[in-house]
Amino acid sequence: MPVVMDQDRMNRTLTRIAHEILERNRGDEGLALVGIRTRGVPLAKRLAVIVRSINQLEIPTGALDITLYRDDLMRHAIGVQPVVRSTDIPFSIDDKRILLVDDVLYTGRTIRAALDALIEFGRPKVIQLIVLVDRGHRELPIKADYVGKNLPTSESQSVQVRLQEIDGRDEVEIQE
Amino acid sequence: MKKDLLGIDDLSPDEIYLILETAEAMKEIGERPIKKVPTLRGKTVVNLFYEPSTRTRTSFEIAEKRLSADTLNIAVGTSSVLKGETLADTALNIEAMAPDMIVLRHASSGACHLLSRLCRSRIINAGDGMHEHPTQALLDAFTIRQHKSTIEGLKVAIVGDLLHSRVLRSNLLLLTRLGAKVWVSGPPTLVPRGIERLGVQVAPTIDQAVTDADVVMLLRIQQERMLGAFFPSLREYFNVFGMTVERVRRAKPDVIIMHPGPMNRGVEIASEVADGPYSVILEQVANGVAVRMAVLYLMAGGVEDEAAA
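The listed protein sequences derive, respectively, from chains X and V.
Quick note, the numbering used here runs 13 ahead of the 1-based positions in the first sequence.
Quick note, the numbering used here runs 721 ahead of the 1-based positions in the second sequence.
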């Protein structure tokens, strides 16, 4: 199956997004990165490292688990419940500019759940969405502010993002 | 998960770990400014308590509310049970109003099994007679893991009224299943016959039980369940089996002291120990909410047996 992004490409993509963050927010203080579990978390941490290397700006980073906010949780009565993991946002999000990070933007339902979850922690000034891949097929009116790569797909395909921290290598692959 | 949580006996080690790990995530919700998630919206949970309870009932109710379930409490003192209605009839009438789960506390061992057979609702055992109290054992295990990271290989001493304790039974099943070395001790009249078959060591004195223990758990003397004289006096019980500061010194330097509550101060535990630096008794209560949220969440999913059928 085709690998549409390798390690080198992924690094350059994340570097570009880091520059875009700084450009749009004018090096503003009050920025915070929140990664959506699982793969949004290492992506958020990498963006924090890249931003620091560009202009010494320290952006706090948190992890958000959206399982308890999913809109399909109680609908499939058969089968075990999805595993819930910890949310860890070690800072107040009140009046912050929150950069929400996920690997793939697809139906938009994960982001809807993430917005609900985030709002319970406070009232950020702005929430911006960063995704590594936008594969289309939205079911909700949600749009990313920073996109690593637009990837036209059919609904029968699946997009697999692999990250060094979790999967041992960096790549994006389309699977039939 | 099976349809009902009747006891630790029904849980595999994998399921126990799943509950404990889910509880880790649930604990964080209790530390937020808004301590509520929408997960069990539209689910109805009935807390049916046939025995007095402060901790367990409050804990379940808070857990249910934090998950956004609709909850109602039936305290037997104000219900038709006083008019002579049987447990089965009460359950079937509640069932007719289509709740999703029933949390049952009852003085008779096996009451939850009876409801399990009668009801479509999922039953959670909140303590049945002298049989089991699974969520207590789960929150005890969660608390131990917070302090000791693992349960395998720990020496756990459980001292007190072993005979009448459902907390003991659930804890023995859980702790031995996860690989702890469990020692029990109490007056011979309160040690159930054949308890060694559950894989525990029986110590004749509390001193032997607590020596080098990583965890010491005291059990309440349950006078309301005692039909005879099991020991001469409460004062003598305290002298022989009470947990004192001197006895704490026999345990490991990083021992934790646990008690499922309600405590009889000066009977099974000295106040200096209960309020002392090794005590995690109030942490147990706090962790109870997270563990019960985990159980409620996992039980709201599909039923294992049905999926297989």
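Ideal Cβ placement from N, Cα and C applies to all residues, glycine included.
Quick caveat: nothing in here was measured; it's all calculated off a predicted structure.
Classification of residue i by the beta-carbon crowding that lies within 10 angstroms, buried from 16 upward
i         : result
X:Ile143  : buried
V:Ala817  : exposed
V:Leu1104 : Outside the modelled stretch of chain V, which goes from 722 to 1030, sits residue 1104 of chain V, for which no answer is possible.
V:Glu785  : buried
X:Val190  : The structure shown does not extend to residue 190 of chain X, since chain X spans only 14 to 189, so no value can be given for it.
V:Phe962  : buried
V:Ser870  : exposed
X:Gln94   : buried
V:Gln1005 : buried
V:His708  : The structure shown does not extend to residue 708 of chain V, since chain V is modelled only from 722 to 1030, so the question has no answer here.
X:Leu27   : buried
V:Pro925  : exposed
V:Ala1029 : Residue placement at V:Ala1029 is poorly supported in this model, since its pLDDT is 43, which falls under 50; the coordinates still yield a value, given next. V:Ala1029 is exposed by the Cβ-count criterion.
V:Val976  : buried
V:His980  : buried
X:His150  : exposed
X:Phe134  : buried
V:Thr777  : buried
X:Phe104  : exposed
Backbone CA spacing between residue i and residue j [nearest angstrom]
i         : j         : result
V:Arg956  : V:Thr775  : 26 Å
X:Glu178  : X:Thr74   : 16 Å
V:Asp861  : V:Asp791  : 27 Å
V:Gln867  : X:Pro154  : 42 Å
V:Leu680  : V:Ala809  : An answer regarding residue 680 of chain V cannot be provided, because it is not within the stretch 722 to 1030 covered by chain V.
V:Glu749  : V:Leu948  : 44 Å
V:Glu736  : V:Met722  : 7 Å
V:Ile844  : V:Gly763  : 18 Å
V:Leu769  : V:Val824  : 6 Å
V:Met822  : V:Thr760  : 15 Å
X:Arg25   : X:Val62   : 14 Å
V:Gly907  : V:Arg887  : 15 Å
V:Ser789  : V:Arg1013 : 13 Å
X:Asp101  : V:Asp849  : 37 Å
X:Val96   : X:Gly181  : 22 Å
X:Ile79   : V:Arg826  : 33 Å
V:Ser733  : X:Ser66   : 48 Å
V:Arg914  : V:Gln922  : 13 Å
X:Leu49   : X:Ala126  : Note on residue identity: the sequence assigns Ile, not Leu, to residue 49 of chain X. Their backbone Cα atoms lie some 10 Å apart in a straight line.
V:Gly805  : V:Ala847  : 23 Å
X:Thr51   : X:Leu145  : 13 Å
V:Ser710  : V:Arg986  : What is shown of chain V runs 722 to 1030, which leaves residue 710 of chain V out entirely.
V:Gly798  : V:Asn814  : 17 Å
V:Gln944  : V:Pro909  : 16 Å
V:Val966  : V:Gly997  : 9 Å
V:Leu1003 : X:Leu35   : 47 Å
V:Thr743  : V:Lys757  : 16 Å
X:Arg59   : V:Thr779  : 43 Å
Under 7 Å between C-beta atoms of residue i and residue j
i         : j        : result
V:Ile1052 : V:Ser954 : It is not possible to answer for residue 1052 of chain V, since the shown part of chain V is limited to 722 through 1030.
V:Glu752  : X:Ser99  : no
V:Gly881  : V:Leu940 : yes
X:Gln141  : X:Asp158 : yes
V:Leu899  : V:Ile865 : no
X:Val54   : X:Ala31  : no
V:Leu893  : V:Leu919 : yes
V:Leu727  : V:Val767 : no
V:Cys840  : V:Ala812 : yes
X:Ala45   : X:Val114 : no
V:Ser891  : V:Ile990 : no
V:Ser837  : V:Asp725 : yes
X:Gln170  : X:Glu152 : no
X:Arg110  : X:Gly43  : yes
V:Pro855  : V:Thr765 : no
X:Leu118  : X:Asp85  : no
Rounded distance between the beta-carbons of residue j and residue i, thought under 8 Å
i         : j         : result
X:Val174  : X:Val185  : 5 Å
V:Ala1011 : V:Ala972  : At roughly 26 Å, the Cβ-Cβ gap does not stay under 8 Å, so V:Ala1011 and V:Ala972 are not in contact.
X:Ile187  : X:Met18   : With a Cβ gap of about 10 Å, X:Ile187 and X:Met18 do not count as contacting.
V:Ala995  : V:Ile740  : Their Cβ separation, rounded to whole angstroms, is 27 Å, which puts V:Ala995 and V:Ile740 out of contact at 8 Å.
V:Val988  : V:Phe959  : 6 Å
X:Met87   : V:Ala1007 : Contact flag wrong, Cβ pair sits at about 27 Å.
V:Ala878  : V:Val931  : 5 Å
X:Asp183  : X:Gln69   : Contact flag wrong, Cβ pair sits at about 25 Å.
V:Glu772  : V:Ala828  : 5 Å
Q. When Cβ atoms are compared, which residues of the region 75 to 99 of chain X fall closer than 9 Å to chain V?
A. Asp78, Thr80, Leu81, Tyr82, Arg83, Leu86, Met87, His89, Ala90, Ile91, Gly92, Val93, Gln94, Pro95, Val96, Val97, Arg98 and Ser99
Q. Can you list, in chain order, the residues of the region 881 to 915 of chain V whose Cβ is nearer than 8 Å to any Cβ on chain X?
A. none
(Q) At a CB distance below 9 Å, what residues from the region 759 to 784 of chain V approach chain X? Give them in sequence order. (A) Pro759, Thr760, Leu761, Arg762, Gly763 and Lys764
Q.
Any C-beta of chain X within less than 7 Å: which residues of the region 824 to 856 of chain V qualify?
A. none
Q) Looking at chain X, which residues of the region 729 to 746 of chain V have a Cβ within less than 9 Å of any of its Cβ atoms? A) Leu739, Glu742, Thr743, Glu745 and Ala746
**Q.** Residues in the region 980 to 1005 of chain V having any Cβ partner in chain X nearer than 8 Å
**A.** Result list empty, no residue passes.
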